[in-house]
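Report on the following structure.
Number of protein chains: 2
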Amino acid sequence: MSADTRTATSGAARSSQGARTATRLADGRELVYFDDALREGESPRPPHDLHDPRPLPDRFAPVDSAPFQGPRMRRDPLTGDWVPMATHRMNRTLLPPDDACPLCPRRPGADYTDGEVPDTAYDVVVFENRFPSLLSVPGEPTGPGSVVDATPAEVPGGLWLEAPAAGRCEVVCFSSDHDASLASLGPRRVRTIVDAWADRTTELGALPTTREVFVFENHGREIGVTLTHPHGQVYAYPYLTPRTERLLGQAAAHHEATGRSLLRDVLDAELADGRRVVLETEHWVAYVPFAARWPVEVHLAPRRDVLDLPGLTDDERDDFAVTYLRVLTALNRFFVAPDGGPVALPYIAGWSQAPARDHRRELGRLRLEVFSVLRGPGKLKYLAGSESGAGAWISDTTPERIAARLTEVLA
Amino acid sequence: MSADTRTATSGAARSSQGARTATRLADGRELVYFDDALREGESPRPPHDLHDPRPLPDRFAPVDSAPFQGPRMRRDPLTGDWVPMATHRMNRTLLPPDDACPLCPRRPGADYTDGEVPDTAYDVVVFENRFPSLLSVPGEPTGPGSVVDATPAEVPGGLWLEAPAAGRCEVVCFSSDHDASLASLGPRRVRTIVDAWADRTTELGALPTTREVFVFENHGREIGVTLTHPHGQVYAYPYLTPRTERLLGQAAAHHEATGRSLLRDVLDAELADGRRVVLETEHWVAYVPFAARWPVEVHLAPRRDVLDLPGLTDDERDDFAVTYLRVLTALNRFFVAPDGGPVALPYIAGWSQAPARDHRRELGRLRLEVFSVLRGPGKLKYLAGSESGAGAWISDTTPERIAARLTEVLA
Chain A
1221 MSADTRTATS
1231 GAARSSQGAR
1241 TATRLADGRE
1251 LVYFDDALRE
1261 GESPRPPHDL
1271 HDPRPLPDRF
1281 APVDSAPFQG
1291 PRMRRDPLTG
1301 DWVPMATHRM
1311 NRTLLPPDDA
1321 CPLCPRRPGA
1331 DYTDGEVPDT
1341 AYDVVVFENR
1351 FPSLLSVPGE
1361 PTGPGSVVDA
1371 TPAEVPGGLW
1381 LEAPAAGRCE
1391 VVCFSSDHDA
1401 SLASLGPRRV
1411 RTIVDAWADR
1421 TTELGALPTT
1431 REVFVFENHG
1441 REIGVTLTHP
1451 HGQVYAYPYL
1461 TPRTERLLGQ
1471 AAAHHEATGR
1481 SLLRDVLDAE
1491 LADGRRVVLE
1501 TEHWVAYVPF
1511 AARWPVEVHL
1521 APRRDVLDLP
1531 GLTDDERDDF
1541 AVTYLRVLTA
1551 LNRFFVAPDG
1561 GPVALPYIAG
1571 WSQAPARDHR
1581 RELGRLRLEV
1591 FSVLRGPGKL
1601 KYLAGSESGA
1611 GAWISDTTPE
1621 RIAARLTEVL
1631 A
Chain B
1221 MSADTRTATS
1231 GAARSSQGAR
1241 TATRLADGRE
1251 LVYFDDALRE
1261 GESPRPPHDL
1271 HDPRPLPDRF
1281 APVDSAPFQG
1291 PRMRRDPLTG
1301 DWVPMATHRM
1311 NRTLLPPDDA
1321 CPLCPRRPGA
1331 DYTDGEVPDT
1341 AYDVVVFENR
1351 FPSLLSVPGE
1361 PTGPGSVVDA
1371 TPAEVPGGLW
1381 LEAPAAGRCE
1391 VVCFSSDHDA
1401 SLASLGPRRV
1411 RTIVDAWADR
1421 TTELGALPTT
1431 REVFVFENHG
1441 REIGVTLTHP
1451 HGQVYAYPYL
1461 TPRTERLLGQ
1471 AAAHHEATGR
1481 SLLRDVLDAE
1491 LADGRRVVLE
1501 TEHWVAYVPF
1511 AARWPVEVHL
1521 APRRDVLDLP
1531 GLTDDERDDF
1541 AVTYLRVLTA
1551 LNRFFVAPDG
1561 GPVALPYIAG
1571 WSQAPARDHR
1581 RELGRLRLEV
1591 FSVLRGPGKL
1601 KYLAGSESGA
1611 GAWISDTTPE
1621 RIAARLTEVL
1631 A
């Protein structure tokens, strides 16, 4: 089944303009190059190097004569949440030396690469994480109808449910330039990244174990990012994440009570109110949500009802690329250092989209949430007792103040 | 209504053995001293100094000729969660200078105090936070029957609900010794602290706006603690916290399906399995939960079904004091620094207890959750995309490994 065929289920046309080239790494993991679309007069690129010369063992090979064991997950009986857990065999024993970035392209002339990318250059490349928290292992019983769907009462001894943490963790490299950042890339590249995100949403959503595809970027050392090479991630979870579960629960209650879409109504209400809208373009609206939880938070939603990334049209993708870069530029102007200089904002950006498989899928609506734990230059919001212990967020600011500052610094 | 009368609703006798002395600070906030019980032969203490000489204005007085405005909270339509928000007037403009710890006792001979405690010494003292996130303001409409109970469909324009962030935030000082920590105090003091926690649960639970009382301690600079004086906090929320809401939902489903108590069944199952039980005493069980989310996590539950802190008997309180100190000592031995030295573990400790007001109160059961974001010496678990964006925790270890290490280092 091709990506284009599946995209049709999202009800929108899609025509990625760059090239897509797929291969497999030495241990069997999938790797896909996404090239920027060529501008008029540009020459076609040479074909990508597809051969990974490393002597990696098959990743499902036995370890110390014991059968390969994938990651497992357990259901917390107190909350109903599934928690994937690293197992001993899955430990990251093979981290590269500090001077070898695994996301950089192969050095020209080197006959062996420490990194994950066989080619000496790329625009955008996606590959499966070598040390994944979620992994579908051949032969392991998973997928719909498995224990993930069961209520405890349906399973003997059902207080404690355990299952393979099946799924997929992928890395999305935004540039072969180690020192770039997404905010520094031009709209043509961001457009390619959107195409890659949409492709992975479609591909990973089609895996039989996938319930939800989450596309996100962790950016900045302050939130624990250790690989500074510009990249994001894609997780295909075998369960609905707690945030999506709650959102769909709210959306279902709203639909039941009003017959309308909660996420459509929220966007319309933000537009009608206007106090927290920071940017409107032909296809997108950027706003600080009514009940923002973080010191800096902004959501980007398409004007049209779109379920997920594959559902975006070419025009919407092009417009997003320009709009998102304006928002990221503003975020890097949000705080001013004591010496008057800029403060690169650490942030988490995550796409909330309709789940791949759920009877409430049609209640979903695409939306990018961007937020930061920075509450001032050098000052972090810590998630302490109330947030981490009781799950109760408390904000030190107001959405209107965040919106006013964003409006001030938007170019 | 006295504390003892109310405690009877928890179905357990209580006889705090130390003295309790209540007063008001200059701006009207409540302050309560709790003295350790005297050992045989010890002389009674002199009466506590109750007079706060600071010229603080009434805390509900108008600011710049405008009526006092308390903190507000908004309901996130995407999750249903309430989010209290600091307002401009509530900003912490009056932080003390660095050399004046506001939790230290008054310096003997000083006729004016920078700190919050009028006396020159104390065992345990509790007072209302001067800059609270939750505050009941006289005359503001709150309490049961208010918008907090409403579903959006019941309120005109109900997509966005807003209400006073009514409630109470209190500080619990564990010792007048600025350099002590809870783990360094003896069992007699910890017993007094338990009495203080129980007293505050009763008193704050009786406030008409309170739905849930959360008793917790944030410990260590790594989680953002700025005041190093040993102290914990008590929050009285005007709503159920998201964690308690989910727990009661799970408990109600379990009760519906089995007729039994979820939290009792979880404890029994942990005891029967035994692999994660790290300590058993006459009245308490310490175990790493089946689906632990944090790099270090341990729960302490009473053997007897107890709804909340006020429901603990004297014997259970005495036993807890000794047991908790053993657990905290073990936690400080959990990691070993590269030089072989100890690693003081930053931690969050929070009491999960039955809510003060909820029709499912009887499904609650007292339990202390202690966990740490430290996953190794100098290494933090960051809550990035999966956790902060999707609410999906992923563990880098297993509960059995945590339990094995705790068992190893328990004295």
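Note that the protein sequences, when read in sequence, are chains A and B.
Counting in my numbering, the first sequence runs from 1221 upward without gaps.
Counting in my numbering, the second sequence runs from 1221 upward without gaps.
Note that CB positions come from ideal geometry on N, CA and C, so glycine has one too.
*Please list, in chain order, all residues of the same chain as residue 1617 (chain B) whose beta carbon is under 7 Å from its beta carbon, the five residues on each side excluded.*
1515
*Quick one: which chain A residues come within Cβ less than 7 Å of residue 1482 (chain B)?*
1297
*What does residue 1589 (chain B) reach in chain A if we use C-beta pairs closer than 9 Å?*
Within 9 Å Cβ-Cβ: 1609.
*Tell me, please, whether the CB atom of residue 1294 (chain A) is closer than 8 Å to any CB atom in chain B?*
Cβ-Cβ to chain B under 8 Å: yes for residue 1294 (chain A).
*asked:* Is it buried or exposed, residue 1422 (chain A), if we count other Cβ atoms within 10 angstroms and call 16 or more buried?
replied: Residue 1422 (chain A) counts as buried, since at least 16 other C-beta atoms from the protein chains shown sit within 10 angstroms of its C-beta.
*Taking only beta-carbon atoms, is residue 1634 (chain B) less than 8 Å away from chain A?*
This structure does not reach residue 1634 (chain B), given that chain B is present from 1221 up to 1631, and the question cannot be answered.
*Determine the chain A residues that contact residue 1448 (chain B) at a beta-carbon separation under 8 Å, and present them in chain order.*
Going along chain A, no residue has its Cβ under 8 Å from residue 1448 (chain B), so there is no contact; the nearest lies around 14 Å.
*Report the partner residues of residue 1453 (chain B) according to the DSSP bridge assignment.*
Partner(s): B:1391, B:1436.
*asked:* Against chain B, does residue 1486 (chain A) count as a neighbour if the rule is that its beta carbon must be under 8 Å from one of theirs?
replied: yes
*Taking three-plus beta-carbon pairs below 8 Å as touching, is the stretch 1488-1502 of chain A in contact with the stretch 1604-1614 of chain A?*
Flag = no, the stretch 1488-1502 of chain A and the stretch 1604-1614 of chain A do not touch.
*Would you give the residue range spanned by the beta strand (DSSP E) that residue 1588 (chain B) belongs to?*
Counting along the chain, the beta strand (DSSP E) containing residue 1588 (chain B) begins and ends at 1587-1592.
*When DSSP builds the beta bridges, which residues end up paired with residue 1506 (chain B)?*
B:1499, B:1520
_For residue 1403 (chain B) and residue 1631 (chain B), the rounded distance between their alpha carbons_ = Those two C-alpha atoms are separated by around 14 Å.
*Is it buried or exposed for residue 1446 (chain B), if we count other Cβ within 10 angstroms and need 16 for buried?*
exposed
*Of the residues B:1256, B:1427, B:1277, B:1569, which one's Cα is nearest the Cα of residue 1396 (chain B)?*
B:1256
*Kindly say whether residue 1640 (chain B), judged by its beta-carbon, lies nearer than 8 Å to any beta-carbon of chain A.*
Outside the displayed span of chain B (1221 to 1631) sits residue 1640 (chain B), for which this structure offers no information.
*Under the DSSP definition of a beta bridge, which residues are partnered with residue 1241 (chain B)?*
DSSP output for residue 1241 (chain B) lists B:1253 as bridge partner(s).
*Any chance you could list the alpha helix (DSSP H) runs of at least 4 consecutive residues sitting entirely within the stretch 1529-1598 of chain B, in chain order?*
1534-1551
*Alpha-carbon spacing of residue 1651 (chain A) relative to residue 1611 (chain A), whole angstroms*: Past the edges of chain A, shown from 1221 to 1631, lies residue 1651 (chain A), and the structure says nothing about it.
*asked:* Please tell me whether residue 1410 (chain B) has its Cβ less than 8 Å away from any Cβ of chain A.
replied: no
*Flag this pair as touching only if the stretch 1379-1395 of chain A and the stretch 1291-1299 of chain A have three or more C-beta atom pairs under 8 Å; answer yes or no.*
yes
*Tell me, which residues are paired with residue 1325 (chain A) by DSSP?*
According to DSSP, residue 1325 (chain A) bridges with A:1337.
*In the DSSP assignment, find the beta strand (DSSP E) that holds residue 1292 (chain A) and state where it starts and stops.*
1292-1295
*Could you check which residue in A:1442, A:1320, A:1418 has the C-alpha nearest to that of residue 1702 (chain A)?*
What the structure shows of chain A is the stretch from 1221 to 1631, and residue 1702 (chain A) is not part of that stretch, so it cannot be assessed.
*Check the Cβ of residue 1511 (chain B) against every Cβ in chain A and list those closer than 7 Å, keeping chain order.*
1294, 1295, 1296, 1303
*Between the CA atoms of residue 1394 (chain A) and residue 1513 (chain B) - distance to the nearest angstrom*: 31 Å
*Mind checking whether residue 1468 (chain A) and residue 1585 (chain A) have CB atoms under 8 Å apart?*
no
*Where residue 1511 (chain A) sits in the DSSP three-state scheme*: coil
*Closer than 7 Å by beta-carbon distance: list the chain B residues that pair up with residue 1568 (chain A), in chain order.*
1604, 1605, 1608, 1609
_Rounded straight-line distance, which links the Cα of residue 1249 (chain A) to that of residue 1450 (chain A)_ = If I take the Cα positions, the gap works out to 21 Å.
*Check the Cβ-Cβ distances between residue 1434 (chain A) and every residue of chain B, and say whether any is below 8 Å.*
yes
*Could you tell me if residue 1599 (chain B) is buried or exposed, where buried requires 16 or more neighbouring beta carbons within 10 angstroms of its beta carbon?*
exposed
_Let me confirm a value: residue 1486 (chain B) is counted as buried when at least 16 other C-beta atoms fall within 10 Å, else exposed. Which label applies?_
buried
*Return the residue from the list A:1561, A:1432, A:1360, A:1261 that minimises the CA-CA distance to residue 1462 (chain A).*
A:1432
_Just to confirm before moving on: does the CB-CB distance between residue 1452 (chain A) and residue 1434 (chain A) stay below 8 Å?_
no
_Could you pull the DSSP bridge partners for residue 1347 (chain A) from this structure?_
A:1251, A:1391
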